[in-house]
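Okay, so here's the structure we're looking at.
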Ligand SMILES: Nc1ncnc2c1ncn2[C@@H]1O[C@H](COP(=O)(O)OP(=O)(O)O)[C@@H](O)[C@H]1O
Ligand code: SF4
Ligand SMILES: [Mg+2]
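Listed below in structure tokens is the structure:
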């Protein structure tokens, strides 16, 4: 459905480096509204994104993907951990420094219906970041808005229309134009096509890929299933219950998954070849994803893992390079 990744694209050194990232939300309870617990939405995420690449971030709904994306961009304050953008630590930066950095890192949101304010025109929506960062006078900004609209495939003629007058796909183009307005180097795309009709998903994915080539963008591309990110990701990180459990080049992850959870996810994807499909063995995981309020000890996948041993209940397996460029967080990988 989507063009293959251009294998010629230049992938460089680490642009975004995340270590031990945690985001815990307080749970309030009782008559006095005291904090009675913590939702451990992100509970020790390690990952890195190289300049010019697309890193797919995949996991079931609720595993902490959006919170990870927002915490990397400092839209949510992390509870613990470090986030470096181009070598600069963000978690301890002043709000002024973060504001300046904001131009370099942007987000495309999941739902183009709720993320664009219906009271504003397209021109107002796209020009807002340019005005906030004083990128030129009124006329220059107007020209830049027209350029951005053309870049994302929207006719600048519609600049004074309201966002609600547009279809989902066009609205997502408006969101993308706004995210690109300040020429960011890093973009978190949070399930950017999952709210769109299947018929236009490919168009928006192709647009994102074209823009990456044109502007040398680095993407963290969030999706809830492995088949969506297969063709657009250079590498893929798999998340389970607040942690990254595996991170590898796409080919290596899809062909030789090392973590039992990734193996289970991949076994659920139908294969186009009917003969292979007949022989496909599905790994059915027992039980549901546990609550992030009270996650299991040690490897938090252990209650559902068919390979679990005593050590798995006690010791959190670190995300380690088990094969060349192939990282997994498991005591018994492979
Ligand atoms: N602001 C918040 N306050 C409390 N809990 C939250 C908040 N945002 C997210 N969560 C919880 O954190 C977990 C991870 O959410 P999220 O990052 O949105 O997951 P995903 O994007 O993978 O679906 C979920 O259990 C969700 O209910
Ligand atoms: S660490 Fe143990 S429980 Fe966790 S995935 Fe590996 S084998 Fe399974
Ligand atoms: Mg999400």
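Residue numbers (the UniProt record's numbering): 1 to 334. Glycine is no exception: its CB is placed at the ideal position from the N, C-alpha and C atoms.
Asked: Going by DSSP in three states, residue 260 sits in which element: helix, strand or coil?; Found: helix
Asked: With DSSP collapsed to three states, give me the class of residue 60.; Found: coil
Asked: Is the stretch 95-109 touching the stretch 189-209, taking contact as three or more C-beta pairs under 8 Å?; Found: yes
Asked: Could you check if residue 9 belongs to the surroundings of ligand 2, using beta carbon to heavy atom distance under 8 Å?; Found: no
Asked: When you compare each of 263, 325, 100, 158 to residue 125 by their alpha carbons, which one comes out closest?; Found: 158
Asked: Is there at least one non-hydrogen atom of ligand 2 closer than 8 Å to the beta-carbon of residue 322?; Found: no
Asked: Just verifying my parser: in three-state terms, what is the DSSP assignment at residue 323?; Found: strand
Asked: With DSSP run on the structure shown, which of helix, strand or coil describes residue 10?; Found: coil
Asked: Looking only at C-alpha atoms, which of 209, 61, 53 sits nearest to residue 288?; Found: 61
Asked: Could you tell me the alpha carbon to alpha carbon distance between residue 6 and residue 210, rounded to whole angstroms?; Found: Reliability fails at residue 6, whose pLDDT of 48 lies under 50, so the model's placement of it is uncertain and the value that follows must be treated cautiously. Between residue 6 and residue 210, the C-alpha separation is close to 10 Å.
Asked: Does the count of Cβ pairs from the stretch 164-179 and the stretch 197-212 closer than 8 Å reach three?; Found: yes
Asked: Classify residue 255 as buried or exposed, calling it buried when 16 or more other Cβ atoms lie within 10 Å of its own Cβ.; Found: exposed
Asked: Do you know offhand how far residue 282's Cα is from residue 98's?; Found: 46 Å
Asked: In the DSSP assignment, what residue or residues form a beta bridge with residue 195?; Found: Note: residue 195 sits in no beta bridge, so no partner.
Asked: Which value, in whole angstroms, describes the spacing of the CA atoms of residue 227 and residue 269?; Found: 7 Å
Asked: Considering residue 179, what are the terminal residues of the alpha helix (DSSP H) in which it resides?; Found: 168-180
Asked: Where residue 73 and residue 139 are concerned, what is the direct C-alpha to C-alpha distance, given to the nearest angstrom?; Found: 30 Å
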